[in-house]
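J.: Take any residue in the sequence shown, note its place counting from 1, add 1, and you have its number in the numbering used here.
Even for Gly, the Cβ is constructed at its ideal location relative to N, Cα and C.
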Amino acid sequence: MPQRKFSLLLALATTLAACSALAKDKASPAAGPAAVKQALLASFEAKGQAGLDRLDQDETQALCSRDPDHPLSSDEVQKIVSANTAAIRYPADGRYLGDWREGEKIAQTGTGKQFSDDPAKPAGGNCYACHQLAKGEIAYGTLGPSLYRYGKLRGQGEAMLKYTWGKIYDAEASMPCSIMPRFGHKGILTEQQIRDVMALLFDPQSPVNQ
Ligand code: HEC
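1. Answer with yes or no whether the minimum CB distance from Tyr164 to chain D is below 9 Å.
2. For His71, does the count of other Cβ atoms within 10 angstroms reach 16, so buried, or fall short, so exposed?
3. In chain order, what residues of the same chain have a beta carbon less than 6 Å from the beta carbon of Gln50, not counting five sequence neighbours either side?
4. Please work out which residues of its chain come closer than 8 Å, Cβ to Cβ, to Val78, disregarding the five sequence neighbours upstream and downstream, and give them in chain order.
5. Hey, how far is the Cα of Ala24 from the Cα of Ala36?
6. Measure from the alpha carbon of Leu190 to the alpha carbon of each residue in Ala108, Tyr129, Leu53, then state which is nearest.
7. Please state whether DSSP places Ala172 in a helix, a strand or coil.
8. Applying the 10 Å Cβ sphere with the 16-neighbour rule, what's the burial state of Asp68?
9. From Met215 to Lys187, what distance separates their C-alpha atoms?
10. Roughly how many angstroms separate the alpha carbons of Ser83 and Tyr170, rounded to a whole number?
11. Please specify which runs of the alpha helix (DSSP H), each continuous and at least 4 residues long, are wholly inside the region 130–160, giving them in chain order.
12. Name the one or two DSSP bridge partners that Ala93 has.
13. Distance check for Leu53 and Ala43, CA to CA, integer angstroms please.
14. If I'm right that Trp185 touches Arg90 with Cβ under 8 Å, what's the distance once you round it to whole angstroms?
15. If you measure between the beta carbons of Ala1 and Thr143, is that distance less than 9 Å?
16. Could you check if Gly156 belongs to the surroundings of the ligand HEC, using beta carbon to heavy atom distance under 8 Å?
17. The alpha helix (DSSP H) that contains Arg102, what's its start and end?
18. Report yes if the C-beta of His132 is less than 8 Å from at least one heavy atom of the ligand HEC; otherwise report no.
19. Tell me which residue opens and which closes the alpha helix (DSSP H) that Gln193 is part of.
20. Please confirm whether any heavy atom of the ligand HEC lies closer than 8 Å to the CB of Val198.
21. Please classify Ile195 as buried or exposed, where buried requires at least 16 other C-beta atoms within 10 Å of its C-beta.
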């Protein structure tokens, strides 16, 4: 057999072997996530503050990224809600609202956690990337619902303040597998920064409520 034909055959055999290995991986639920993690680890490198530990999932993230052929059971959904609700830290002094002007800056800032950012500086919340907030801002994303007139529409009752704090602190507590970042839970925003974005949502003077 000519050399070229032989190497073609060899390539075909190797491909077939790889395919059947993949098919076997798919059949085993345990092999799937491990294989994905290996592929991710091989394609990223640690740089600055962006370490490879960012690929380590907590239990909530692991459940939420499970193979869609194995949807979460109601017990698992309940587990996500209760674990994340129990971990919410409400402001110790009971003050939910800070300065909306600072909140607007935080909502407009999308930097802070990238490898090239200074980890000593506060991170932004990037709220506009997913939400409409103030009417004057025309560049906003629509992955999340519009928050325009949030405080005006919902009032400032204790239950509403508590719900909203919890949502910003860790959206998983009220919406399992939400795509909203877990700002408090993951240490992206400080307690004071959360107060400031809360004020942006609730303060009657804030552009959100005009
Ligand atoms: C990556 C997109 C994304 C970013 C960034 C984001 N959110 Fe969200 N947000 C969502 C999605 C999606 C929902 C709906 C699902 C849910 O409730 O978790 C949501 C829901 C909310 C809600 C509840 C709305 C309601 O009707 O009850 C509030 C309040 C909120 N976000 C505030 C914020 C604030 C404040 C920021 C910035 C600090 C922010 N979000 C950043 C995607 C995002």
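T.: To lay it out plainly:
1. Among the chains of the structure shown, chain D does not appear; only one protein chain is present.
2. Translated into positions along the sequence shown, residue 71 becomes position 70. In summary, His71 is exposed, with fewer than 16 beta-carbon neighbours lying within 10 Å of its beta-carbon over all protein chains present.
3. Taking the sequence shown and counting its residues from 1, the one referred to as residue 50 is at position 49. Pro120.
4. On the sequence shown, residue 78 is found 77 positions in, with the first residue counted as 1. The residues are Pro177.
5. Taking the first residue of the sequence shown as position 1, residue 24 is located at position 23. Taking the first residue of the sequence shown as position 1, residue 36 is located at position 35. For Ala24, the pLDDT reaches just 45, beneath the cut-off of 50, and the residue's location in the model is therefore unreliable, although a value from the coordinates is still provided. In this structure, the straight-line span from the alpha carbon of Ala24 to that of Ala36 is close to 12 Å.
6. Your numbering for residue 190 matches position 189 in the sequence shown. Shortest Cα-Cα distance from Leu190 to any of Ala108, Tyr129, Leu53 involves Ala108.
7. Counting from 1 along the sequence shown, the entry for residue 172 is found at position 171. Annotated three-state conformation of Ala172 is helix, per DSSP.
8. Translated into the one-based positions of the sequence shown, residue 68 becomes position 67. So Asp68 ends up on the exposed side.
9. With the chain covering only 2 through 211, there is no way to say anything about residue 215.
10. Taking the first residue of the sequence shown as 1, we reach residue 83 at position 82. Taking the first residue of the sequence shown as 1, we reach residue 170 at position 169. Cα to Cα, the separation comes out at about 14 Å.
11. The region 130–160 contains these whole alpha helix (DSSP H) runs: 151–155.
12. The residue you call residue 93 lines up with position 92 of the sequence shown. According to DSSP, which records beta bridges pairwise, Ala93 is partnered with nothing at all.
13. Working through the sequence shown from its first residue, we reach residue 43 at position 42. Working through the sequence shown from its first residue, we reach residue 53 at position 52. When rounded, the distance between both Cα atoms is 10 Å.
14. Taking the sequence shown and counting its residues from 1, one reaches residue 185 at position 184. Taking the sequence shown and counting its residues from 1, one reaches residue 90 at position 89. Residue identity check: residue 185 is Gly in the sequence provided, not Trp. The beta-carbon distance between Gly185 and Arg90, rounded to whole angstroms, is 7 Å. This is short enough to meet the 8 Å contact definition.
15. Since the displayed the chain opens at 2 and closes at 211, residue 1 lies outside it and no answer follows.
16. On the sequence shown, residue 156 is found 155 positions in, with the first residue counted as 1. No, Cβ of Gly156 sits at least 8 Å from all heavy atoms of the ligand HEC.
17. Along the sequence shown, read from residue 1 onward, the residue named residue 102 stands at position 101. Its alpha helix (DSSP H) spans residues 101–109.
18. Walking along the sequence shown from the start, residue 132 turns up at place 131. Set against 8 Å, the gap from the CB of His132 to the closest heavy atom of the ligand HEC is smaller.
19. What you label residue 193 is simply residue 192 of the sequence shown in a count that begins at 1. Start and end: 192–203.
20. Position 197 of the sequence shown, counted from the first residue, corresponds to residue 198. Remark: the shortest separation between the CB of Val198 and any heavy atom of the ligand HEC falls under 8 Å.
21. Within the sequence shown, numbered from 1, the residue matching residue 195 stands at position 194. Around the beta-carbon of Ile195, 16 or more other beta-carbon atoms lie within 10 Å, marking it buried.
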